[in-house]
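Chemist: Quick one: this structure, given as structure tokens, is what I'll be asking you about.
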Amino acid sequence: MTKAKPESSSLSAWQARGEHTITCPSGQRLKIRIPGIGTLLEKGDLPEDLLDLALLELTSDGGAAGALAAEFSAGNGDKTKALERIRQFGEFQRHLVSFAVKAVETAPNEWEAVTLTPESMTDGSLPEDDLALVAEIVQRLRAHDAKGVRIGVEPLDRWAMFRETHAGIPCGEDCEGCAKLVAAFSSTDVGDV
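Written out as structure tokens, the structure is:
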């Protein structure tokens, strides 16, 4: 049985929907809030030396990574410049991750708020694959976490038939199977649907 959509929503409920719970390749679960790169530029949150990469991210096919790949394949031969651009791209991604990660899961459904800095991600203590996954999500290069859960909301009406029939047995509002299904489809809590 599908629940009726609420007539209205509060501003705080809408703001809470901006937080996503993701699973990283290491198995670590994080709560992230995906920053808008345009907003970071507008607010002056990025260092001056990363502004050109942020602009490439917004204006180039394939984002900054695609623009850098095209630049390198053109083969200007300047290895020093190429290494500097790669260093800047890594720093740009670390800034994006630092703005995104808000909490880590310390035990099932227990969360600790964290504040990452770009510098705290360079010592090798955090799994590189996890950092890369968060950066790809923020750069909109990836739509699913490591578990395959869609970032954002999976259109639940696609699953209405399953939810209504539930293998021929109607289910109630407290159906554990349906709750697990919804949790597997969406990285954000949208409340009653």
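Once you know that position 20 of the sequence shown is 29 in this note's numbering, the rest is easy, because the numbers rise by one and skip nothing. Using N, Cα and C, we set each Cβ at its ideal position, and we do this for glycine too.
If we call anything under 8 Å between Cβ atoms a contact, is Leu65 one with Ala73?
Modeler: If you number the sequence shown from 1, residue 65 lands on position 56. If you number the sequence shown from 1, residue 73 lands on position 64. Yes, these two residues count as a Cβ contact at 8 Å.
Chemist: Use the C-beta contact count for Ser35: other C-beta atoms within 10 angstroms, 16 or more gives buried, fewer gives exposed.
Modeler: Residue mapping note: residue 35 aligns to position 26 of the sequence shown, counting from 1. Its Cβ having fewer than 16 others within 10 Å, Ser35 is exposed.
Chemist: Under three-state DSSP, which class holds Ile95?
Modeler: Here residue 95 corresponds to residue number 86 of the sequence shown, with the count starting at 1. It is helical.
Chemist: Looking only at DSSP bridge pairs, what is His29 linked to?
Modeler: The residue given as residue 29 occupies position 20 in the sequence shown. Partner(s): Ile41.
Chemist: For the beta strand (DSSP E) that Lys156 lies in, which residues bound it at each end?
Modeler: For this step, residue 156 is matched to residue 147 along the sequence shown. Here Lys156 belongs to no beta strand (DSSP E), and DSSP marks it neither H nor E.
Chemist: Using DSSP with H/G/I as helix, E/B as strand and the rest coil, what is His83?
Modeler: Reading the sequence shown from its first residue, position 74 is the one you call residue 83. The sequence shown places Ala at residue 83, not His. In this structure, Ala83 counts as coil in the three-state DSSP scheme.
Chemist: By a C-beta neighbour count over all protein chains shown, 10 Å radius and 16 as the cutoff for buried, is Asp139 buried or exposed?
Modeler: Taking the first residue of the sequence shown as position 1, residue 139 is located at position 130. Buried is the call here.
Chemist: Should Ile160 and Ala109 be called a contact, given that it needs their Cβ atoms to be closer than 8 Å?
Modeler: In the sequence shown, the residue the question calls residue 160 occupies position 151. In the sequence shown, the residue the question calls residue 109 occupies position 100. No, the Cβ-Cβ distance between Ile160 and Ala109 is not below 8 Å.
Chemist: What residue range does the alpha helix (DSSP H) around Thr48 cover?
Modeler: Here residue 48 refers to the residue found at position 39 of the sequence shown. Counting along the chain, the alpha helix (DSSP H) containing Thr48 begins and ends at 46-52.
Chemist: Rounded to a whole number of angstroms, what is the C-alpha to C-alpha distance between Thr11 and Glu182?
Modeler: For the purposes of this step, residue 11 is identified with residue 2 of the sequence shown, where counting begins at 1. For the purposes of this step, residue 182 is identified with residue 173 of the sequence shown, where counting begins at 1. Note that Thr11 scores a pLDDT of 48, beneath 50, so its modelled location is shaky and nothing firm can be said.
Chemist: Taking the C-alpha atoms as reference points, what is the distance between Val123 and Thr68?
Modeler: As a first step, residue 123 is located in the sequence shown; it is residue number 114 there, counting from the start. As a first step, residue 68 is located in the sequence shown; it is residue number 59 there, counting from the start. Rounded to whole angstroms, Val123 to Thr68 spans 31 Å at the Cα level.
Chemist: For Ala78, is the classification buried or exposed, using 16 other Cβ atoms within 10 angstroms of its Cβ as the cut-off for buried?
Modeler: Locating residue 78 in the sequence shown gives position 69, where the first residue counts as 1. Ala78 is exposed by the Cβ-count criterion.
Chemist: Taking DSSP's pairing of strands, which residues face Trp120 in a bridge?
Modeler: Residue 120 sits at position 111 when you count from the first residue of the sequence shown. Beta-bridge pairing links Trp120 to Glu114.
Chemist: Looking at C-alpha atoms only, which residue of Glu114, His153, Arg103 is the closest neighbour of Gly133?
Modeler: Residue 133 sits at position 124 when you count from the first residue of the sequence shown. The shortest Cα separation from Gly133 among Glu114, His153, Arg103 belongs to Arg103.
Chemist: Do Pro111 and Lys156 have their C-beta atoms closer together than 8 Å?
Modeler: Along the sequence shown, one-based indexing puts residue 111 at 102. Along the sequence shown, one-based indexing puts residue 156 at 147. Note that residue 111 is Lys in the sequence shown, not Pro. No, the pair does not count as a contact, with Cβ atoms beyond the cut-off.
Chemist: Between the alpha carbons of Val202 and Ile31, how many angstroms are there, rounded?
Modeler: Reading the sequence shown from its first residue, position 193 is the one you call residue 202. Reading the sequence shown from its first residue, position 22 is the one you call residue 31. A caution first: Val202 carries a pLDDT of 44, below 50, which makes its placement in the model unreliable, though a value can still be read off. Spanning the two alpha carbons is a distance of roughly 21 Å.
Chemist: Going by the beta-carbon positions, is the gap between Leu142 and Cys33 smaller than 8 Å?
Modeler: Position 133 of the sequence shown, counting from 1, holds the residue named residue 142. Position 24 of the sequence shown, counting from 1, holds the residue named residue 33. Taking 8 Å as the Cβ cut-off, Leu142 and Cys33 qualify as a contacting pair.
Chemist: Could you tell me the distance, in whole angstroms, from the CA atom of Lys88 to the CA atom of Pro117?
Modeler: In the sequence shown, the residue the question calls residue 88 occupies position 79. In the sequence shown, the residue the question calls residue 117 occupies position 108. Taking the straight line from one Cα to the other gives about 47 Å.
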